[in-house]
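Worksheet: the structure to be examined is printed underneath.
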Amino acid sequence: MRRICVLNQKGGVGKTTTAVNLGAALARAGRRVVLVDLDPQGNLSTHLSVEVGSEEPSSYSVLIGEHTLDQAARSTAIRGLRVVPTGIDLSGAEMEMASFDEREFVMRRAVDRFESDSYAKVGAAPAEYVIFDCPPSLGLLSLNALVASREVFVALQTEFLALQGMTRLLEVVNLVKGELNPGLKVTGIVPCLYDNRLRLAREILGELRSYFPAQVFNRAIATTVKLAEAPSFGQSIFDYAPDSTGAQHYAELAEEVVAQERRPVQHGAEENLLV
Ligand code: ADP
Ligand code: MG
1 MRRICVLNQK GGVGKTTTAV NLGAALARAG RRVVLVDLDP QGNLSTHLSV EVGSEEPSSY
61 SVLIGEHTLD QAARSTAIRG LRVVPTGIDL SGAEMEMASF DEREFVMRRA VDRFESDSYA
121 KVGAAPAEYV IFDCPPSLGL LSLNALVASR EVFVALQTEF LALQGMTRLL EVVNLVKGEL
181 NPGLKVTGIV PCLYDNRLRL AREILGELRS YFPAQVFNRA IATTVKLAEA PSFGQSIFDY
241 APDSTGAQHY AELAEEVVAQ ERRPVQHGAE ENLLV
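Residue numbers (UniProt numbering): 1 to 275.
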């Protein structure tokens, strides 16, 4: 089971759009995916038309130990895609968890249990991907996602200062790797909101590729009207506009993500990134 955290401490860079549409693309390709909404704003839940009342299982109730991840994972309109929505109380979770022992490990234990339970269940098909959509901050919620994950995908807007933001982000990933989760690796950088008509965007993408050749996906996700519209219709891009450029780009991204599984473990560039 791959455990991927979609991360960037900045908001508005395409994290949620990537989590939703990558998850949907993988599910359409026959994979079983669980998306976990860890942003108190609940954009991912809304994007997939999943609404929760305060008493219902959610990422919040998982974090405070009331429900298992399996109990909180809802089916969506897309076969193979389940969502653990944000409870309306998630914004309070960081404070509530402040007094917990090992508060950075709560989600990790929930996912470990989810994984072992699903293998133990007779006839059940275990999820192949658990993908966390993080809030735009590096607090306890993101930390829980980073500790529960094995991989980090950075969603990045190809704009001025993108590389500076990466440096800070990698420091945090390194810290988590060193202190809490030795196996953690940045295995993907997704260029989002990319406009190839802009010279600056092309230059930044080029720089990104030269710094992180093993991580930056070939497919940069273009800025498109359909991708901007889909969330307000509560649909992934594949349901909202299946023939659009955005749908094609996320389908290609998903192919690359699947192809990573056929690649031998990489040394060199990938290691350099994290020392
Ligand atoms: P984050 O989760 O990092 O805050 P979002 O995925 O919510 O970012 O994206 C921020 C805004 O940009 C949202 O309104 C979203 O619909 C829009 N958006 C994201 N990616 C694209 C894209 N490729 N083309 C057009 N709009 C996009
Ligand atoms: Mg978001």
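C-beta atoms are modelled at their ideal positions from N, C-alpha and C, and glycine is treated no differently.
Kindly indicate which three-state DSSP category residue i falls into: helix, strand or coil?
i, result
"D89", "coil"
"R32", "coil"
"I131", "strand"
"residue 354", "What is shown of the chain runs 1 to 275, which leaves residue 354 out entirely."
"I221", "coil"
"R74", "strand"
"H267", "Any reading at H267 must be qualified, since the residue scores a pLDDT of 49, below 50, and its modelled position is unreliable; the value itself is stated next. Reduced to three states, the DSSP call for H267 is coil."
"L274", "Unreliable positioning characterises L274 in this predicted model, as indicated by a pLDDT of 43, which lies under 50. The coordinate reading is nonetheless provided below. Residue state, collapsed to three classes: coil."
"R197", "coil"
"K226", "helix"
"L141", "helix"
"F233", "helix"
"R82", "strand"
"G188", "strand"
"I64", "coil"
"V6", "strand"
"A124", "coil"
"V257", "helix"
"L69", "helix"
Determine the burial state of residue i: buried for a count of at least 16 other Cβ atoms within 10 Å of its Cβ, exposed for fewer.
i, result
"Y119", "exposed"
"A269", "A caution first: A269 carries a pLDDT of 46, below 50, which makes its placement in the model too unreliable to give a value."
"V225", "exposed"
"G188", "buried"
"L161", "exposed"
"V154", "buried"
"V6", "buried"
"residue 276", "The question about residue 276 has no answer here: the residues shown for the chain are numbered 1 through 275."
"T158", "buried"
"M166", "buried"
"F233", "exposed"
"M107", "buried"
"G11", "exposed"
"D133", "buried"
"S142", "buried"
"V122", "exposed"
"S59", "buried"
"P213", "exposed"
So, does the CB of residue i fall closer than 9 Å to a CB anywhere in chain B?
i, result
"G234", "Chain labels in this structure do not include chain B; a single protein chain is all it has."
From this set, the options, which residue's C-alpha is nearest residue i's C-alpha?
i, options, result
"E179", "L146, E66, A247 and R199", "L146"
"I237", "L38, L138, V190 and I78", "I78"
"T76", "L44, Y60 and D117", "L44"
"R209", "L156, G14 and E252", "L156"
"L22", "R202, G80, S232 and L140", "G80"
"V186", "D101, A201, Q260 and D70", "Q260"
"residue 291", "E252, T16 and G53", "The requested residue 291 is not part of the displayed model; the chain covers only 1 to 275."
"R31", "G234, R82 and N196", "R82"
"A247", "R262, A230 and S116", "A230"
"T223", "H249, Y240 and Q235", "H249"
"T18", "P213, F212 and P191", "P191"
"N174", "G87, L90, L138 and Y60", "L138"
"I48", "L170, V84 and A110", "First, the residue type needs correcting, since residue 48 is Leu and not Ile in the sequence shown. Ranking L170, V84 and A110 by Cα distance to L48 puts V84 first."
Going by the C-beta, is residue i closer than 8 Å to any heavy atom of the ligand FAD?
i, result
"K15", "This structure lacks the ligand FAD; its bound ligands are the ligand ADP and the ligand MG."
Mind pulling the alpha helix (DSSP H) runs of 4 or more residues that sit fully within the segment 160 to 184?
162 to 179
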